[in-house]
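So the number in this note's numbering is just where the residue sits in the sequence shown, counting from 1, plus 124. What follows is one structure encoded as structure tokens, with my remarks underneath.
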Amino acid sequence: MSNREQKEYWNGDAGQHWATQDELMATLLKPIAEGLLEHINPQAGQSALDIGCGGGSQSLLLAERLGKNGKVVGLDISEPLLHVARTRPASADSAELDFIQADAQEYAFEPAQFDLLFSRFGVMFFDEPETAFRNLRTALKPDGKLGFSCWPSPKANPFFSAPLAAVLKHVPAPEASDPNAPGPFAFADPARLTGILDAAGFGQIVIEEFTTTLKMGEDDTLDNLTAAMSKIGPASRLLKEHSEEIKAAAHGSIMEALAPYFQDGSLHFPTRIWFVTAHNEA
125 MSNREQKEYW NGDAGQHWAT QDELMATLLK PIAEGLLEHI NPQAGQSALD IGCGGGSQSL
185 LLAERLGKNG KVVGLDISEP LLHVARTRPA SADSAELDFI QADAQEYAFE PAQFDLLFSR
245 FGVMFFDEPE TAFRNLRTAL KPDGKLGFSC WPSPKANPFF SAPLAAVLKH VPAPEASDPN
305 APGPFAFADP ARLTGILDAA GFGQIVIEEF TTTLKMGEDD TLDNLTAAMS KIGPASRLLK
365 EHSEEIKAAA HGSIMEALAP YFQDGSLHFP TRIWFVTAHN EA
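Here it is in structure tokens:
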């Protein structure tokens, strides 16, 4: 999707839906946010921009790390998700926290204001990624750090691949698209990602693999968790325009595909992602 289409998507019905699912996703992705913070090691008193902050759960974790003398600005294009972010209570010892609705690719940042640019899965959706990262770098202090997480191939992550394969038993496969198009897997190729960051003026670029287990649900049923999985990600988009009969059949197939990952009232997905760091050497 283009930037314009992204804005429409995240501020329309889809954005409202993701807002209702935000607490579920925040819990699911918390190990990644915590792992990324350990990896980039932000220091107390620093200032940070959380790019694509969504509902703000990781913004709060970052604010706790930076402490009361620090500052965090969360930026997102989705007003429904920012509404969730603004209602999250922050602890008294956390950094100053603010949220703004803006497109990071186009926003006129105050130059050299942040020590850290941070993102948990929020930077893969730019239609001009080199332009976006160059713009973001203007907001970074000299020798400031960029640190973010992004997805490799969906085949490496059953959270995506298992429900998607199940849905494709019932609906036609979408036309093959450009693997580098804006979307969750736009940065699956490390060489391409390195080239984008280098062209945007970043140096000391390091891409490392991080593995963890994502846990979804607590004391829940496989049927309920299957229904939740059917409403997020690529599977939900494929099913959106189809009949209730097809959706019901797909539900059964998704539940069968998820069964191997279900244990003790939760889904447990082995997960592999990229942790990316770089520095502003200008």
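All C-beta atoms, glycine included, are put in the ideal place defined by N, C-alpha and C.
Residue i - partner residues in DSSP beta bridges
i                 : result
methionine 340    : Leu391
arginine 261      : Paired residues: none, contrary to the question.
leucine 221       : Val196
alanine 402       : Leu270
phenylalanine 386 : Leu391
aspartate 174     : Gly198 and Phe242
Limits of the beta strand (DSSP E) - the one that residue i falls within
i             : result
glycine 268   : 264-274
aspartate 200 : 195-200
glutamate 380 : From DSSP, glutamate 380 is part of no beta strand (DSSP E) but of the alpha helix (DSSP H) over 368-382.
Residue i, enclosing alpha helix (DSSP H) - first and last residue
i                 : result
phenylalanine 130 : Residue identity check: residue 130 is glutamine in the sequence provided, not phenylalanine. Start and end: 127-135.
lysine 154        : 146-164
aspartate 347     : 346-353
histidine 207     : 203-210
glycine 357       : 357-363
glycine 319       : 314-323
Residues near residue i in its chain [Cβ-Cβ closer than 8 Å; skip 5 each side]
i             : result
glutamine 145 : Ala352, Lys355 and Ile356
glycine 191   : Ala168, Gly169, Asp217, Ser218 and Ala219
Close beta carbons around residue i, own chain, < 6 Å, minus the five adjacent residues each side
i             : result
proline 253   : Ile320
aspartate 455 : Because the chain is modelled from 125 through 406, residue 455 falls outside the range shown and cannot be assessed.
glutamate 405 : Gly327
serine 277    : Ala312
glycine 139   : Ser202 and Pro204
Residue i in three-state terms, based on DSSP
i                 : result
alanine 228       : coil
glutamine 140     : helix
phenylalanine 242 : strand
alanine 168       : coil
glutamate 188     : helix
glutamine 328     : strand
alanine 290       : helix
glutamate 333     : strand
C-alpha gap between residue i and residue j, whole angstroms
i                 : j                 : result
serine 360        : leucine 260       : 31 Å
leucine 206       : glycine 136       : 13 Å
phenylalanine 283 : histidine 366     : 22 Å
leucine 185       : alanine 157       : 8 Å
lysine 279        : alanine 290       : 14 Å
tryptophan 142    : phenylalanine 399 : 24 Å
isoleucine 397    : proline 314       : 11 Å
alanine 263       : leucine 317       : 20 Å
glutamate 333     : threonine 395     : 10 Å
Close beta carbons around residue i, own chain, < 7 Å, minus the five adjacent residues each side
i              : result
methionine 379 : Leu346, Asp347 and Thr350
alanine 150    : Gly179 and Ser181
serine 126     : Asp251
glutamine 229  : Asn127, Phe250, Glu252, Thr255, Ala256 and Asn259
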